[in-house]
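The next block holds one structure in the form of structure tokens; read it before the comments.
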Amino acid sequence: MDPKKVEHCLDRAIDFLYRSQLPWGEFKTLASWNFLMIPAYYDSSPFGTGLILHNLKGLNDKRVSKMIDKAITFLLSEKEERGTWRFWTSRNKKRIPPDLDDISVISSGLKLYGVQFEDNKDIVLNNRNKEGLFLTWVLDERHKKNLFWKLAAEDADCVVNVNVLTYLGRSLPEVCSYINGLISEDRSSSYYYPSKLAFFYFVSRAVRFGVTCFKKNRKRIINSVLSCQKKDGSFGNEMETALGLNTLFNLNYFGKETEEGISYLLRGQRKNGGFKKQVYFLGIPWWFLALSPFYGYYGSEEITTGVRIEAFRNYLSQRQFYGEGV
Numbered sequence: 001m002d003p004k005k006v007e008h009c010l011d012r013a014i015d016f017l018y019r020s021q022l023p024w025g026e027f028k029t030l031a032s033w034n035f036l037m038i039p040a041y042y043d044s045s046p047f048g049t050g051l052i053l054h055n056l057k058g059l060n061d062k063r064v065s066k067m068i069d070k071a072i073t074f075l076l077s078e079k080e081e082r083g084t085w086r087f088w089t090s091r092n093k094k095r096i097p098p099d100l101d102d103i104s105v106i107s108s109g110l111k112l113y114g115v116q117f118e119d120n121k122d123i124v125l126n127n128r129n130k131e132g133l134f135l136t137w138v139l140d141e142r143h144k145k146n147l148f149w150k151l152a153a154e155d156a157d158c159v160v161n162v163n164v165l166t167y168l169g170r171s172l173p174e175v176c177s178y179i180n181g182l183i184s185e186d187r188s189s190s191y192y193y194p195s196k197l198a199f200f201y202f203v204s205r206a207v208r209f210g211v212t213c214f215k216k217n218r219k220r221i222i223n224s225v226l227s228c229q230k231k232d233g234s235f236g237n238e239m240e241t242a243l244g245l246n247t248l249f250n251l252n253y254f255g256k257e258t259e260e261g262i263s264y265l266l267r268g269q270r271k272n273g274g275f276k277k278q279v280y281f282l283g284i285p286w287w288f289l290a291l292s293p294f295y296g297y298y299g300s301e302e303i304t305t306g307v308r309i310e311a312f313r314n315y316l317s318q319r320q321f322y323g324e325g326v
């Protein structure tokens, strides 16, 4: 594949994201009541911006630098006492307790750029169940008395646990055993991330952040991702394809499969440089939070474009190292 085509698409994607960033630094998160995300509405959240901070790392571009500065300012403005974040912003009328996924993803994103903020690791490390797994929700006594949150109190999601280790930058035996067990069974138990490839992507990212206990399953993850590839080069839908490619790149795999996958992604770019919105993660289960109508599916053009920017950047970097895939 001609790398100039990828460079051109990457440049257009960056330009789309640059034009789409809101004045206060947030990248939009959209919510919908169905998997097709039609219709969808803006649901202000710091989480998508935290994800995009990770996607933009390693790009030497003035537009990217400006986006990062604005995103950091926005995320710090949404930080609450003891260095915590919750899914909905102060601009959003809805309220929800802080959670370890927001805290870990945003904290590790800020850490990537050397941003200083108060130490929140005690809050993270103390939010575990008897088995040593991290609980998703950081609940105070008031919430623990609430019927809805009692149902959620013991929620220990596999992807959330991986993201916590990514932030901590180290292996914890109980969590590693649980996650490696799922990998060996070739499955994800996550409620919040419906695709197995999202689970593998976050595991591969944890490896890059120094979580060594997952390295023994490198080949197993690579083989599982490759087994998902279709004749058209995709690994599922466009989002899953980008996640699958980034997983392979994070685990230092480069070959004809990644060439075909990148070619598939390039074909999906829109005239404005972005990519269509697709579901990336799910909201809280309707049965323990009475929201009507229930908007449980989340994503946006900005979020999907961010994941593809990461894939294009990784491809160009590894192509330079390995040469053209064979």
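Going by this note's numbering, the sequence shown wraps up at 326, each residue one higher than the last. Glycine included, C-beta positions come from ideal geometry on N, C-alpha and C.
query: Could you check the C-alpha separation between residue 190 and residue 82 for me, to the nearest Å?; result: 27 angstroms
query: I believe residue 328 touches residue 225 by the beta-carbon criterion, under 8 angstroms. Please report the beta-carbon distance rounded to the nearest angstrom.; result: Residue 328 falls outside the range modelled here, since the chain spans only 1 to 326, and no answer is possible.
query: Checking contacts by CB at 9 angstroms: is residue 157 closer than that to chain D?; result: The structure shown has no chain D; it contains just one protein chain.
query: How close, in whole Å, do the beta carbons of residue 192 and residue 157 come, if the pair is a contact with beta carbons under 8 angstroms?; result: 6 angstroms
query: Between the segment 123-132 and the segment 170-181, are three or more C-beta pairs nearer than 8 angstroms?; result: yes
query: Once the 5 residues before and after residue 135 are set aside, which same chain residues still bring their CB inside 8 angstroms of it?; result: 100, 127, 128, 129, 153, 154, 155 and 156
query: Can you tell which of 310, 54, 267 and 24 has its C-alpha closest to the C-alpha of residue 237?; result: 267
query: In this structure, does DSSP put residue 99 in helix, strand or coil?; result: strand
query: Quick one: Cα of residue 185 to Cα of residue 2, how far?; result: 38 angstroms
query: Kindly indicate which residue of 204, 48, 57 and 65 has the alpha-carbon position closest to the one of residue 88.; result: 48
query: Which same chain residues, not among the five before or five after residue 293, have their C-beta less than 7 angstroms away from its C-beta?; result: Summary for residue 293: the model assigns pLDDT 48, below 50, so the residue's position carries little reliability, and this model does not support an answer.
query: Given that a residue counts as buried once 16 or more other Cβ atoms are within 10 Å of its Cβ, and exposed if not, what is residue 73?; result: exposed
query: Report the three-state DSSP secondary structure of residue 247 (helix, strand or coil).; result: helix
query: Can you tell me where the beta strand (DSSP E) with residue 30 in it begins and where it stops?; result: 30-32
query: Taking all protein chains shown into account, decide if residue 200 is buried (16 or more other Cβ within 10 angstroms of its Cβ) or exposed.; result: buried
query: Determine the burial state of residue 261: buried for a count of at least 16 other Cβ atoms within 10 Å of its Cβ, exposed for fewer.; result: buried
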